[in-house]
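Chemist: Structure in structure tokens, see below.
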Amino acid sequence: MGPAHGVPAARQAAAGERVLPARHWRLQTVIAVMKLRDYAQLMRLHRPIGILLLLWPTLWGLWFAGEGRPDLHIFIVFVLGVVLMRSAGCVINDYADRDFDPHVERTRERPIAAGRVSPREALALFAVLCLVAFALVLTLNPLTILLSLAGAFLAASYPFLKRYTHLPQFYLGVAFGWGIPMAFAAQTGSVPPLAWVLFAANVFWSVAYDTAYAMVDREDDLKVGVKSTAILFGRYDRLLIGVFHALTIALLAIAGALAARGFLYYVGLAAAALFALYQQYLIRSRERDGCFKAFLDNNRFGAVVFAGLALDYWSRVL
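Counting from 0, one number per residue, gives the positions in the sequence shown under numbering that gives the first Met the number 0.
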């Protein structure tokens, strides 16, 4: 009887041994998926507005530099670079703000602030993203490679400025606009005055939209000691946002004149001006929701400028 009873017991034990590894594998898979989700959230892949705000000026630069026909390889490298470097910028931003974010309503659930991603993991992810982006740039010419090193420094250093100056939005404009001289360098091998006019336009545009964004967190930032143009401008915030939008459109018009652009390009600028006016309406009461909507609306501002530029070049080809 002993052996007869022992066989089922042995089978059960063997089955149990098979079940445990299977359960362990499923658990590890779930953990890995959750970690990847946290990394994606840290990179803001679920909120592509930052990628778009970096993409539009990069496309402006590529289309101006390539006279409406940018090289396909260069185009692919820059689009992928936008995604990678914007993601890297978000990672290093949350690393820099890891002591502030838990005290701000909008940011307390971010992966590092909530403890789901460690600071060491964040730095490793930032390094990987930068290395992949740099590997792409290595396929371009030496001037573009050199400029990319400055771009990496800008992306890495921007988040730390809000501790020391009320003007981090200007620095953000420099960082977000750096793709413009890089685009000209990649496409033409030089960085002409036209590139710097576009670059200046993007700096002013970035200050306009990022000030609206900073208005969302102004009360929390005052409590934790974070500086911004929203705090610096105070009751003149709406006025100065309007001024910076106006400067952006004026410089884009100058760029159009330098490049001998036509009617459709200026139609795009007129549409952008209407969106800027609409944003003034959104921030009229300085409420969080309105300011955030104004920030998001800058995607349409950048898109119509590019649409006008692309259509203008396309119409000349026909």
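No residue lacks a Cβ here, since even glycine has one placed at the ideal position from N, Cα and C.
#1: Okay, do the segment 239–246 and the segment 122–136 touch, 3+ Cβ pairs below 8 angstroms being the bar?
#2: If we ignore side chains and look at the alpha-carbon of each, how far apart do Arg-68 and Thr-164 end up?
#3: Compute the distance between the beta-carbons of Cys-290 and Met-181, then report whether it is under 7 angstroms.
#4: Using C-beta distances below 6 angstroms, list every residue in its chain close to Pro-110, excluding the 5 sequence neighbours before and after it, in chain order.
#5: May I ask you to report which of helix, strand or coil DSSP gives Phe-99?
#6: Do Val-202 and Gly-172 have their C-beta atoms closer together than 7 angstroms?
#7: What would DSSP say about Asp-70, mapped onto helix, strand or coil?
#8: Taking only the alpha-carbon atoms, compute the straight-line gap between Val-316 and Tyr-277 and give it to the nearest angstrom.
#9: Once the 5 residues before and after Gly-114 are set aside, which same chain residues still bring their CB inside 8 angstroms of it?
#10: Nearest CA to the CA of Trp-204: which residue from Asp-296, Leu-142 and Phe-183?
#11: Since Gly-267 contacts Gly-307 with CB under 8 angstroms, what's their CB separation in whole angstroms?
#12: In angstroms with no decimal places, state the Cα-to-Cα distance between Ser-314 and Arg-119.
#13: With distances taken from CA atoms, which of Val-82, Phe-198, Ser-156 and Ala-249 is nearest Phe-133?
#14: If we call anything under 7 angstroms between Cβ atoms a contact, is Asp-311 one with Tyr-235?
#15: Among the candidates Phe-99, Phe-198 and Phe-183, whose CA atom is the shortest distance from the CA of Pro-158?
#16: Under the three-state reduction of DSSP, which class applies to Arg-107: helix, strand or coil?
#17: Between the beta-carbon of Gly-176 and the beta-carbon of Phe-198, is there less than 7 angstroms?
Modeler: In this structure, then:
#1: no
#2: Counting from 1 along the sequence shown, the entry for residue 68 is found at position 69. Counting from 1 along the sequence shown, the entry for residue 164 is found at position 165. Across the structure, Arg-68 and Thr-164 are spaced so that their CA atoms are roughly 40 angstroms apart.
#3: Against the sequence shown, residue 290 aligns to sequence position 291. Against the sequence shown, residue 181 aligns to sequence position 182. For Cys-290 and Met-181, no; Cβs fall outside 7 angstroms.
#4: Residue numbering aside, residue 110 sits at position 111 when the sequence shown is read from its first letter. Asp-37, Gln-40, Leu-41 and Val-116, listed in sequence order.
#5: For the purposes of this step, residue 99 is identified with residue 100 of the sequence shown, where counting begins at 1. In this structure, Phe-99 counts as coil in the three-state DSSP scheme.
#6: Here residue 202 corresponds to residue number 203 of the sequence shown, with the count starting at 1. Here residue 172 corresponds to residue number 173 of the sequence shown, with the count starting at 1. Yes, they are a contact pair.
#7: As a position in the sequence shown, residue 70 is number 71, starting the count at 1. Note: Asp-70 maps to coil in three-state DSSP.
#8: Reading the sequence shown from its first residue, position 317 is the one you call residue 316. Reading the sequence shown from its first residue, position 278 is the one you call residue 277. Each residue's alpha carbon lies about 33 angstroms from the other.
#9: Within the sequence shown, the letter at position 115 stands for residue 114. Result list for Gly-114: empty, nothing under 8 angstroms.
#10: Counting from one through the sequence shown, the residue named residue 204 turns up at place 205. Trp-204 has its Cα closest to that of Asp-296, out of Asp-296, Leu-142 and Phe-183.
#11: Locating residue 267 in the sequence shown gives position 268, counting from the first residue. Locating residue 307 in the sequence shown gives position 308, counting from the first residue. Yes, Gly-267 and Gly-307 are in contact; Cβ-Cβ is about 2 angstroms, under 8 angstroms.
#12: Position 315 of the sequence shown, counting from 1, holds the residue named residue 314. Position 120 of the sequence shown, counting from 1, holds the residue named residue 119. Roughly 51 angstroms separates the two Cα atoms.
#13: The residue you call residue 133 lines up with position 134 of the sequence shown. Comparing Cα-Cα distances from Phe-133 to each of Val-82, Phe-198, Ser-156 and Ala-249, the minimum goes to Val-82.
#14: Residue numbering aside, residue 311 sits at position 312 when the sequence shown is read from its first letter. Residue numbering aside, residue 235 sits at position 236 when the sequence shown is read from its first letter. Their beta carbons are not under 7 angstroms apart, which means Asp-311 does not touch Tyr-235 by this criterion.
#15: Your numbering for residue 158 matches position 159 in the sequence shown. Nearest C-alpha to Pro-158: Phe-99.
#16: Counting from 1 along the sequence shown, the entry for residue 107 is found at position 108. Coil at Arg-107, not helix or strand.
#17: Against the sequence shown, residue 176 aligns to sequence position 177. Against the sequence shown, residue 198 aligns to sequence position 199. With a cutoff of 7 angstroms on beta-carbon distance, Gly-176 and Phe-198 are scored as near each other.
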